[in-house]
Structure formats: structure tokens, C-alpha cells
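Its first residue numbered 0, the sequence shown is counted upward by one per residue in numbering that gives the first Met the number 0.
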Amino acid sequence: MKNSEIRSLSESEIAERIAAEQDNLTKLRFAHAISPIENPNKIKESRRFIARLQTILKAKQLAK
Numbered sequence: 000m001k002n003s004e005i006r007s008l009s010e011s012e013i014a015e016r017i018a019a020e021q022d023n024l025t026k027l028r029f030a031h032a033i034s035p036i037e038n039p040n041k042i043k044e045s046r047r048f049i050a051r052l053q054t055i056l057k058a059k060q061l062a063k
């Protein structure tokens, strides 16, 4: 998802997306702890995507 697409979402949609991505990250971490996942870079990408979402959400909240 591109930054422009994220910026077009509402605050509540971004918050929902953050919660979903955090659940996904937790599942990835558990799967990796049990047996190594095929592409461990997915964990890094997921963390960065969550950070990007949180940054844009904070910017929207401060803009009010």
C-alpha cells in the first residue's frame, strides 16, 4: 500500500488497519519461533508498515 493510499484513509480506518497488522505481526513472530518461516523479511516489512501507518495517523491527529 502506497503512502498516498494510506493518507486517503480516515483515522478510524488507519487505526483498524494498525490493529490488523499488529495481529498479523504477532502471528508471524509465533510462526517464526516455532519453525523458521520461508521469508523472515516479512517480519521486518510488517514492522515498518505498522510504523508508517502510525506516523500518518499521528500526523492526521496533529493536523486537527
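All C-beta atoms, glycine included, are put in the ideal place defined by N, C-alpha and C.
Only buried fits Leu56, as 16 or more other CB atoms lie within 10 angstroms of its CB. Within the same chain, and ignoring the five residues on either side of Phe48 in sequence, the residues whose Cβ sits closer than 7 Å to its Cβ are Glu20.
Spanning the alpha carbons of Ala18 and Leu52 requires a straight line of approximately 10 Å. Close CB contacts of Leu27 within its chain, under the 8 Å cut and outside five residues either way in sequence, are with Ile36, Lys41, Ile42 and Ser45 (chain order).
Per DSSP, reduced to three states, the secondary structure at Lys41 is helical.
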